[in-house]
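These notes concern the structure reproduced below.
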Amino acid sequence: MKPPAFEYYCPETLDEALGLLAQYGAEAKVLAGGQSLMPMLNMRLSHPGVVIDINRLPDLNRVTVEGTSLQVGALVRHAELEHSALAATHCPILPAAERLVAHLAIRQRGTVVGSLVHADPAAELPLVWLTLGGELEVRSTRGSRTIAPEAFYLGYFMTDLAPDELAVAVRFERPAAGHGWAIEEFARRSGDFALCAAAAVVEWDAARGVVQGVRLGLGGVGGAPVRLDQAVAPLVGAVPEAELVREVARGVGQYLDPPDDLHASRAFRLHLAEVLSERALRAAVRRAQAKEVQGA
Amino acid sequence: MTTRQIRLTVNGQERTVEVEPRWLLADVLRERLGLTGTHLGCEHGVCGACTVLLDGRPVRSCLLLAVQADGHAVTTVEGLAQDGALSPVQEGFRQEHGLQCGFCTPGFLITATYLLEQNPQPTREEIREALSGNLCRCTGYQNIVNAVEWAARKLAEQNSAKP
Ligand SMILES: Cc1cc2nc3c(=O)[nH]c(=O)nc-3n(C[C@H](O)[C@H](O)[C@H](O)COP(=O)(O)OP(=O)(O)OC[C@H]3O[C@@H](n4cnc5c(N)ncnc54)[C@H](O)[C@@H]3O)c2cc1C
Ligand code: FES
Ligand code: FES
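Sequence lines, in order, name chains A and B.
Residues 75 to 370 in this note's numbering are what the first sequence lists, from first letter to last.
Residues 68 to 230 in this note's numbering are what the second sequence lists, from first letter to last.
Right under this line is the structure:
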């Protein structure tokens, strides 16, 4: 099908965009990469009276290092983060996650921030954002604020963003140099949304040969990604033997409440959550240890 | 409905068109500019048949408003042949029987053209990965991968023949 009629604005300054959002609020939809919004318009699942295209706004297309964070502007496309040298150095899990997002052509257009705001519960980037930690920078004519991922996701496709707010950038916390990381997912076909995905970051205490810090996140197991700080606590300060990692991974199910739907049963999702958690934790530990050997 | 005028470069030619903001680039290419090589299979980004190059990068023309292409360059499958000669990727599809009904072919040609620009010597695995966003109901994909390999060899020969 074709999109319904709407009024189209293509502001060239941030102030103009915020003014339009203040004026039209819930009647308006922001158009970024369009890789989620356009299908909804084509299928007429969405009927905005006004579309505000942000693609011609200046200065939103940069990836930069800001203190302890990697900052990604609202017009940075998936493919740009996938190939960003800064991301590869400071948050290597991000390019790896991007390679799992959709397909070549979708990644040329879809934006990183759009994916975070769209809040598909199976999307890779919200999961990685929650796992790394960070904040979203949001603007409106009322002012600006930052939101942490823990507070941002409220449930299936639901976020804390108000209708008059524009997300201008996201910051991902950079893990310590020499950390290990991994993202593992199960999807029916390459490029599909994951039925379940796991992201892990391991900070390594080389002097003692133990895990110094560890984070594990899971996506596709509920309305929003979840971080399993409690489940992985036994790994902190421990030697990450295969048995211990397996035991921790087997324990994630008690913190989850995945849905039964036509893509996968609840039981299958729980199984995937355990298997992928184990794979991600093991791969992250391996990477952290390999870096120690290289002295990186 | 209010329309607006947009200017875009399509296959090297400057074009001016009057469009409604809600019109998809794919429909404007097909219905207004007569370039029916760009096919619409699903209209929600999944099949890849509508893939065109926007400023040299592959995008879904079913997920782009024509107004968004204002001031940009678009290459469609009609723009791949040069001076009546098939491009190496097109020739590869012909030599290796990379198509049957041909519905999906324009999207594969565009995506493969971009792939070989970025990565002139892809492995079969890399070809499959790059083409995973294009669906074909006929061929079973084997010959499509063969066709891209054929094109990669052809391009390598052409480049080594250059003085
Ligand atoms: C075939 C296909 C397969 C896909 N597979 C995957 C996949 O495997 N994994 C995955 O994660 N994603 C996948 N996607 C979705 C893709 O990642 C999108 O790029 C992403 O979800 C949305 O980003 P966008 O820039 O395209 O946003 P848009 O479609 O432009 O917008 C999406 C929503 O976010 C809002 N929005 C966007 N940017 C802002 C902003 N800066 N401020 C306020 N609101 C904003 C819009 O108003 C809209 O409601 C797929 C898409 C397609 C078509
Ligand atoms: S018609 Fe555009 S991807 Fe199918
Ligand atoms: S050749 Fe018929 S769909 Fe691909």
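Ideal placement from N, C-alpha and C gives every residue a C-beta, glycine not left out.
From A:100, A:84, A:86 and A:183, residue whose alpha carbon lies closest to that of residue 235 of chain A: A:100
Give me the Cβ distance between residue 151 of chain A and residue 173 of chain A, rounded to the nearest whole Å; I'm assuming they're in contact under 8 angstroms. About 14 angstroms separates the two Cβ atoms, so there is no contact after all.
Using a C-beta cutoff of 7 angstroms, does residue 158 of chain A count as contacting chain B? no
Who's in the neighbourhood of ligand 2, going by beta-carbon under 6 angstroms from any heavy atom, listed in chain order? B:107, B:108, B:109, B:110, B:112, B:113, B:114, B:115, B:116, B:117, B:127 and B:129
Going by the DSSP bridge assignment, what does residue 214 of chain A pair with across the sheet? A:217
Straight-line CA distance for residue 71 of chain B to residue 95 of chain B? 13 angstroms
Contact criterion: CB-CB distance below 7 angstroms. Does residue 99 of chain B meet it with respect to chain E? Absent from the structure is chain E; the protein chains it does hold are A and B.
Going by C-alpha distance, which of B:179, B:206, B:204 and B:187 is nearest residue 227 of chain B? B:187
Determine whether the Cβ of residue 264 of chain A lies closer than 7 angstroms to any Cβ atom of chain B. yes
Under 8 angstroms, CB to CB, which of the residues in the stretch 117-136 of chain A have a partner in chain B? 117, 125, 127 and 129
Segments assigned alpha helix (DSSP H), at least 4 residues, entirely inside the stretch 159-208 of chain B: 172-185 and 191-197
Relative to chain B, which residues along the stretch 177-189 of chain A have a C-beta separation below 7 angstroms, given in chain order? 177, 178, 179, 180, 182 and 183
Where do the ends of the alpha helix (DSSP H) carrying residue 306 of chain A lie? 303-306
May I have the straight-line CA-CA distance separating residue 75 of chain A from residue 105 of chain A, to the nearest angstrom? 19 angstroms
Please list, in chain order, the residues of the stretch 123-137 of chain B that have any C-beta partner in chain A closer than 8 angstroms. 124, 125, 126, 127, 129, 130, 131, 132, 134 and 135
Could you give the distance in angstroms between the alpha-carbon of residue 262 of chain A and the alpha-carbon of residue 191 of chain B? 20 angstroms
Closer than 5 angstroms between the C-beta and any heavy atom of ligand 3: which residues qualify, listed along the chain? B:166, B:167, B:168, B:170, B:171, B:203, B:204 and B:205
Between the Cα of residue 309 of chain A and the Cα atoms of A:341, A:358 and A:336, which residue gives the shortest distance? A:358
Using a beta-carbon distance below 7 angstroms, is residue 83 of chain A in contact with chain B? no
Mind pulling the beta strand (DSSP E) runs of 3 or more residues that sit fully within the stretch 154-185 of chain A? none
Whole angstroms is fine: what's the gap from residue 216 of chain B's alpha carbon to residue 139 of chain B's? 31 angstroms
Taking only three categories from DSSP, how would you classify residue 232 of chain A? strand
By DSSP's criteria, residue 125 of chain B is part of a beta bridge. Which residues make up the other side? B:120
Report buried or exposed for residue 81 of chain B, applying the criterion of at least 16 other Cβ atoms within 10 angstroms of its Cβ. exposed
Taking only runs that begin and end inside the stretch 230-311 of chain A, name each unbroken beta strand (DSSP E) of 3 or more residues, in chain order. 240-247, 254-260, 270-279 and 284-293
Residue 334 of chain A, enclosing alpha helix (DSSP H) - first and last residue: First-last for residue 334 of chain A: undefined, no H or E at that position.
Chain-ordered residues of the stretch 101-117 of chain B with a beta carbon less than 7 angstroms from chain A: 110, 111, 112 and 115
With DSSP as the reference, identify every bridge partner of residue 208 of chain A, one or two as the case may be. A:246
Assuming residue 147 of chain A is part of the beta strand (DSSP E), what are its boundary residues? 143-147
Under DSSP, the beta strand (DSSP E) around residue 75 of chain B begins and ends at which residues? 71-77
Chain B within 7 angstroms of residue 79 of chain A, Cβ atoms only: yes
Identify whether residue 315 of chain A lies in helix, strand or coil by the three-state DSSP scheme. coil
Report the CB separation of residue 198 of chain B from residue 177 of chain B in whole angstroms; it is logged as a contact under 8 angstroms. Actually they are not in contact, since the Cβ atoms of residue 198 of chain B and residue 177 of chain B sit about 11 angstroms apart, beyond 8 angstroms.
What is the DSSP secondary structure of residue 211 of chain B, reduced to helix, strand or coil? helix
Just the C-alpha distance for residue 239 of chain A and residue 94 of chain A, rounded to the nearest angstrom, thanks. 10 angstroms
Given 6 angstroms as the limit, tell me if residue 185 of chain A has its C-beta closer than that to any heavy atom belonging to ligand 1. yes
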